[in-house]
Structure formats: structure tokens, C-alpha cells
Amino acid sequence: MQFGLLIDIQKLVALLGMKFLILNMFLTVKLTLVKLCIQISIAMKRMMLALRFLIIHSMVGFVKIHSEKFIIDILFQIQK
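Printed below as a string of C-alpha cells:
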């Protein structure tokens with residue numbers, strides 16, 4: 448009787464160990480994905496800033512060539 452109880456306790460401990468191991472793996476993966484999402488978000492923000500910088504500088508070059516009214520119309524279209 449005690450031998451069977453010992454095996455049941457060992458199975459229970461093994462199952463709990465597996466459960467905690469799997470939970471730990473999921474938490475590690477979740478934290479890694481969160482960090483990756485944050486890094487992607489930061490990279491996207493930097494890319495958007497770079498794109499705005501390029502648009503502004505291309506518009507400055509465009510302003511030198513064309514009239515002010517035409518430029519103001521284009522700037523309003525970009526803002527929409």
C-alpha cells in the first residue's frame with residue numbers, strides 16, 4: 448500500500464515539475480515576444496521619423512523650384 452502511494456506521490460511531483468517547467472517556458476517566450484514587439488515598435492517610430500525628415504527635405508527642395516501657393520496646397524494634401 449505504501450509503495451503504491453509513493454509511486455503516486457512521485458507521479459504528482461513529476462507532473463507538478465513538468466507543469467512549472469512548461470509555465471516557465473511560456474513566460475520566457477512571452478517576455479521574449481514582448482521585448483521583440485517593443486524593439487519593432489521603436490524601429491518603426493525611427494523609420495517614420497526618418498521618412499518625415501526625407502519628405503520635409505524633399506519639400507524644401509521643391510519649394511525652391513515652384514511657387515508658394517502650389518507648395519501650400521501640397522502641404523495641406525500631405526497633412527490630410
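Heads up: the sequence shown begins at 448 in the working numbering, then just goes up one per residue. Virtual Cβ for every residue (Gly too), placed ideally from N, Cα, C.
What do you reckon, are the CB atoms on Leu522 and Met506 nearer than 9 Å?
-> yes
Do Ile525 and Ile502 come within 9 Å of each other at the CB atom, strictly closer than that value?
-> yes
Would Met448 be called buried (16 or more neighbouring beta carbons within 10 Å of its own) or exposed?
-> Below a pLDDT of 50, predicted positions are generally treated as unreliable, and Met448, at 49, falls in that range; no measurement from the model is reported.
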